[in-house]
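So the structure is just underneath, and the comments pick up after that.
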Amino acid sequence: MPELPEVETTRRGIAPWLETRRIRTLLVRERRLRWPIPAGMERHFAGNVVTQVRRRGKYLLLQTRTGTALLHLGMSGNLRVLPAVTAPGKHAHYDIVLENGECVRFTDPRRFGSLLWTDEDPARHPLLAELGPEPLEPEFDGEHLWRRARGRRVAIKAFIMNAAIVVGVGNIYASESLFRAGLNPRRAAGRISRSDMERLARSIREVLEDAVACGGTTLRDFRDGHGEPGYFTAELRVYDRAGLPCPECGTPIRHLVQGQRSTYFCPRCQR
DNA sequence: ATGGGCACCTGGCTGC
DNA sequence: TGCAGCCAGGTGCCCA
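For my numbering, count along the first sequence from 1 and bump the result up by 1384.
Next comes the structure, spelled out in structure tokens:
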């Protein structure tokens, strides 16, 4: 479900409800997420105060007075701000309950999401330490992509979906970025010119910024922190549009599979 | 080091 | 209606 724009949208939705607030308790109903929630997780939350809600790639970081909770939404997860006494749905795996009873609830049918804790600098956590730059920050640019692509034969689509190269680009926005940059998703990363990499970096940035401005993309079930869908779905130019005319040239959009993931592109506009 | 494939899960949709 | 088969927004890990 969530790529960078959806995670950022979620962050913006829940941050005002959590920052500076004291947690009454963490209520866990299902510990079997991607990594089982450790038995002692609750004690990190009870009575603690959230100082900041940040994002690194597709991870949400709840910074507290004593450490940092690392949340991941996986494929199908979402976080919702809810009033006190809201009956949990089938896959409501944990609630972060505030002192007044309001809660932020994690729901995730597929259980690919996670909830981890670190007492140390979260940037040093093994899951975050090796991540590439944030695509909306200045250190991400065409030169970075070009440099990291030297000698690499992977398809450019897989390359930009690799979080060690750049974070936040998932399956939807990879196709969309490559369309905007006019690059064929099958091209070897190492064979793309410096100037095309500049274009690609700009495209990635623009697509993600536009999607954040729209509150993300809702294909099936993405909801922000308050249950609202994202409106970038209407702006998608190629994703999930196989056979439909390319918005630039009218050629039917093609579908192909790369690394078990669907790719969509215009065979005429993308070389 | 790199690249490719698998696994982890549930639910929704399609087609017989 | 029922059911098998396929697909889905992520990503860590294993193997060649």
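From the three backbone atoms N, C-alpha and C, an ideal C-beta is built for every residue, glycine too.
How big is the Cα-Cα spacing for W1530 and T1470?
Going by the C-alpha atoms only, they are around 50 Å apart.
Around the C-beta of K1541, are 16 or more other C-beta atoms found within 10 angstroms, so that it is buried, or is it exposed?
Classification of K1541: buried, given that the 10 Å Cβ count is 16 or more.
Applying the criterion that 16 or more other CB atoms from any shown protein chain within 10 Å of the CB defines a buried residue, is H1610 buried or exposed?
Under this definition H1610 is an exposed residue.
Excluding the 5 residues preceding and the 5 following T1602 in the sequence, name in chain order all residues of the same chain whose CB lies nearer than 6 Å to its CB.
Excluding positions up to five away in sequence, the list reads P1613, G1614 and T1617.
Less than 8 Å between the CB atoms is what I'm expecting for R1607 and R1464, so what's the real figure, rounded?
Sure, about 7 Å apart at Cβ, within 8 Å.
Is T1635 closer than 7 Å to R1655 when the C-beta atoms are compared?
Taking 7 Å as the Cβ cut-off, R1655 and T1635 do not qualify as a contacting pair.
Assuming contact is defined by CB atoms lying nearer than 7 Å, are G1656 and A1585 in contact in what I supplied?
Residue 1656 lies beyond the range of the chain shown here (1385 to 1655); nothing can be said about it.
Check the C-beta distance from L1466 over to R1489 and give it rounded, since I have them as a contact under 8 Å.
Confirmed, Cβ separation roughly 5 Å.
How far does the beta strand (DSSP E) with T1448 in it reach, from first residue to last?
Where T1448 is concerned, the enclosing beta strand (DSSP E) stretches over Y1443 to T1448.
Go ahead and label T1404 buried or exposed: buried means 16 or more other beta carbons lie within 10 angstroms of its beta carbon, across all protein chains shown.
With fewer than 16 Cβ atoms within 10 Å of its Cβ, T1404 is classed as exposed.
Would you call the CB atoms of L1417 and D1479 closer than 7 Å?
The answer is no: Cβ separation not under 7 Å.
Apart from the five residues just before and just after R1645, which ones in its own chain have a Cβ nearer than 7 Å to its Cβ?
If we look at R1645 and ignore the five residues flanking it on each side, its Cβ neighbours are N1555.
If you measure from the CB of Q1644, is any heavy atom of the ligand GTP nearer than 6 Å?
Judged by which ligands are present, the structure shown has none, so any question about the ligand GTP falls away.
With a threshold of 16 other CB atoms inside 10 Å of the CB of A1533, please say whether the residue is buried or exposed.
Buried.
Leaving out five residues on either side along the sequence, give the residues of the same chain with a beta carbon under 8 Å from the beta carbon of M1425.
Hits under 8 Å: L1410, V1412, L1499 and W1501.
My guess is that Y1557 and A1597 are in contact by the Cβ rule of under 8 Å, so how many angstroms apart are they, rounded?
That pair is no contact at about 14 Å.
A1513: buried (16+ other C-beta within 10 angstroms of its C-beta) or exposed?
Answer is exposed; the Cβ neighbour count stays below 16.
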